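Remarks on the structure that follows.
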Amino acid sequence: MNVPTSGRSARRRTRPGRGRRRADLPGRGRHGVLAARAGLPGLTGAGRFVAAHTVDSLGTGLVFAFTVVYLTHATHLSLAEIGAALTLGNLLALPAPALGGPLLDRFGPKAVVAVANLVSAAGFAAFLAVRSAWQISLAHLVVQAGINLYWTAARSLVPLACVPGEERLWFGFVSSLRNLGIGAGAAVSAAALALFGPSSLYVLVAANAGTFLCAAALFTTWKPARDPGAPTPPDAPGRPGDGGGPVRRGSWQAVLRDGRYLLLIAANLSFVLAQMVPPVLLAVYVTGTLHAGAWIPGTLLVVNTAAVAVLTPAITRRSARHRPQRAIAGGFVVGAASFALFAVPLATRGAPGWAVATVLVVAMLLFTLSEILSSPALNELSVACAPVEGNGRHQAAFQLSWSLGGAAAPVVLTALLSRQPVLPWLLLALLSVLAVPAAHALVPPDREEPLP
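For the sequence shown, position 339 matches number 342 in the working numbering, and the numbering has no gaps at all.
Have a look at this one:
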């Protein structure tokens with residue numbers, strides 16, 4: 004944006020999350036201002052974008068908690084064989100972000116996200132025909148490859164949908180929307196399973212494949228409010244202002260030389276390991292180690308999901324007043340406190356059940372606040388700290404931290420828990436504390452535009 008000045012050349016510096024007041028943004032009437040106060044971003048022109056996320060998350064929720072149940076009904080395999088087959092599929096899909104990076108550089112995020120949804124749709128359609136372990140691994144490989152490709156490119160779509168300065172609000176809104184969708188989808192599945200039995204899961208798996216197809220169509224037909232700036236072909240002239248040369252494509256060497264982005268990836272890896280607590284550690288710790296009520300893990304998961312869905316927009320709006328690195332550092336501090344609280348029942352064996360439950364609920368609320376503070380800001384910086392041109396490989400490297408962290412967490416956290424129950428909480432708290440100074444160093448580059 005060019006700003007006239009008095010007689011001298013100047014530059015306008017813009018920082019993510021720092022800009023005009025939300026009420027002054029164009030296209031905001033009275034209802035828009037009220038939505039902004041609730042933490043919602045400006046949604047004008049983003050209907051298909053929002054609908055695509057809604058449909059995708061609803062479909063994911065349909066089978067999110069019932070994949071293993073479906074496979075035990077559809078095959079004659081044991082739980083151990085099904086688990087091993089799914090793990091193998093996950094591991095084989097780990098390189099998908101490395102493939103997605105060059106595709107993102109060449110074709111732009113919209114095309115990659117649409118293709119990723121088509122790939123996942125094919126994988127879930129294949130689940131309808133699986134009968135053996137290798138078929139499960141192959142189908143799950145396709146599903147996870149699509150999901151990894153999706154998240155490699157999806158963060159780059161947010162700047163195309165939003166008014167400059169609202170990136171963090173959008174990331175928070177998308178997180179809230181996806182939690183609501185997944186929760187609603189899971190509720191539909193639970194009701195269908197209760198009313199119609201395991202045979203209804205075939206319909207739900209097919210419906211999930213359909214939702215991915217629908218999401219692909221919505222992303223394809225969505226017209227971004229901002230110019231997507233898709234990379235031009237190698238033999239085409241460059242963009243205005245680049246001297247007419249070819250657009251820089253980026254390289255893996257550029258990622259490895261980008262110390263700031265590597266620090267961001269390291270901080271995100273700590274966040275990823277923390278996010279594996281609910282699916283990996285929580286239930287076995289509460290019921291197996293603390294011998295607390297079996298109802299507690301489910302209640303804690305509901306607390307987490309509901310709080311993220313309902314509170315993320317409002318909290319993100321307040322945190323967006325501060326630079327993203329400050330929000331991330333605050334999130335890690337709160338996260339360290341939550342892990343310390345999770346470990347407290349180990350030192351108070353024999354405490355009443357209600358006391359243990361209370362401590363765990365407070366710990367989960369702190370864990371959720373940490374997630375709400377850190378996640379949108381980390382996603383914002385993953386885009387802001389990447390180069391404007393050829394950023395696909397940077398996004399792929401960021402997504403690899405999610406893939407590798409998700410693959411390593413079950414082994415690391417359960418091994419530590421079996422050795423000494425306090426060790427996983429000490430590790431997570433230590434990583435969170437170490438990530439605080441790293442987060443403060445994550446200053447995004449100024450996006451500068453010289454005046455003519």
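All C-beta atoms in this analysis are idealised placements derived from N, C-alpha and C, irrespective of residue type, glycine included. Every value quoted in this text rests on a predicted model; they were computed, and no experiment measured them.
Legend entry - Candidates Ala438, Ala142, Val306, of which the one nearest phenylalanine 370 by Cα: Val306
Legend entry - Per-residue DSSP class, three states only, for aspartate 261: coil
Inset, instruction - Buried or exposed for phenylalanine 199, please, with buried defined as at least 16 other CB atoms from any protein chain shown within 10 angstroms of its CB. - result: exposed
Inset, instruction - Could you please give the first and the last residue of the uninterrupted alpha helix (DSSP H) stretch that includes glutamate 374? - result: 356-387
Inset, instruction - For the alpha helix (DSSP H) containing glycine 64, list its first residue and its last residue. - result: 50-67
Legend entry - C-alpha distance - glycine 262 paired with leucine 144, whole-angstrom precision: 32 Å
Legend entry - Beta-carbon separation (whole angstroms), asparagine 182 vs leucine 65, contact threshold 8 Å: In fact, because the Cβ distance is near 15 Å, the residues do not count as touching under 8 Å.
Inset, instruction - Report all residues from its chain with a CB closer than 6 Å to the CB of proline 300; omit the five preceding and five following residues, and keep chain order. - result: Leu285, Ala286, Val289
Legend entry - Spatial distance of threonine 75 from proline 390 (CA atoms): 46 Å
Inset, instruction - Leaving out five residues on either side along the sequence, give the residues of the same chain with a beta carbon under 8 Å from the beta carbon of valine 364. - result: Thr302, Leu303, Val306
Inset, instruction - Pair every Cβ in the stretch 101-120 with every Cβ in the stretch 146-155, then say whether three or more of these pairs are closer than 8 Å. - result: yes
Inset, instruction - Please state whether DSSP places glutamate 169 in a helix, a strand or coil. - result: coil
Inset, instruction - Could you check the C-alpha separation between alanine 128 and serine 202 for me, to the nearest Å? - result: 16 Å
Inset, instruction - Have a look at valine 115 and leucine 207 and give me their C-alpha separation to the nearest angstrom. - result: 26 Å
Inset, instruction - Answer with yes or no whether the minimum CB distance from phenylalanine 52 to chain D is below 7 Å. - result: Of the protein chains in the structure, only one exists, and it is not chain D.
Legend entry - Whole-number beta carbon distance between serine 192 and phenylalanine 345, since they are thought to touch under 8 Å: The Cβ separation is near 29 Å, so there is no contact.
Inset, instruction - Round the Cβ separation of serine 322 and leucine 376 to the nearest angstrom and send it over; I've been treating them as touching at under 8 Å. - result: 6 Å
Inset, instruction - Determine the DSSP secondary structure at tryptophan 225, reduced to helix, strand or coil. - result: coil
Legend entry - Cut-off 8 Å between Cβ atoms - residues of its own chain near alanine 358, not counting five sequence neighbours on either side: Thr351
Legend entry - Alpha-carbon spacing of isoleucine 318 relative to threonine 361, whole angstroms: 23 Å
Legend entry - Straight-line Cα distance separating arginine 171 from valine 58: 22 Å
Legend entry - Backbone CA spacing between glycine 45 and lysine 113 [nearest angstrom]: 20 Å
Legend entry - Beta-carbon proximity of histidine 443 to alanine 309, cut-off 7 Å: no
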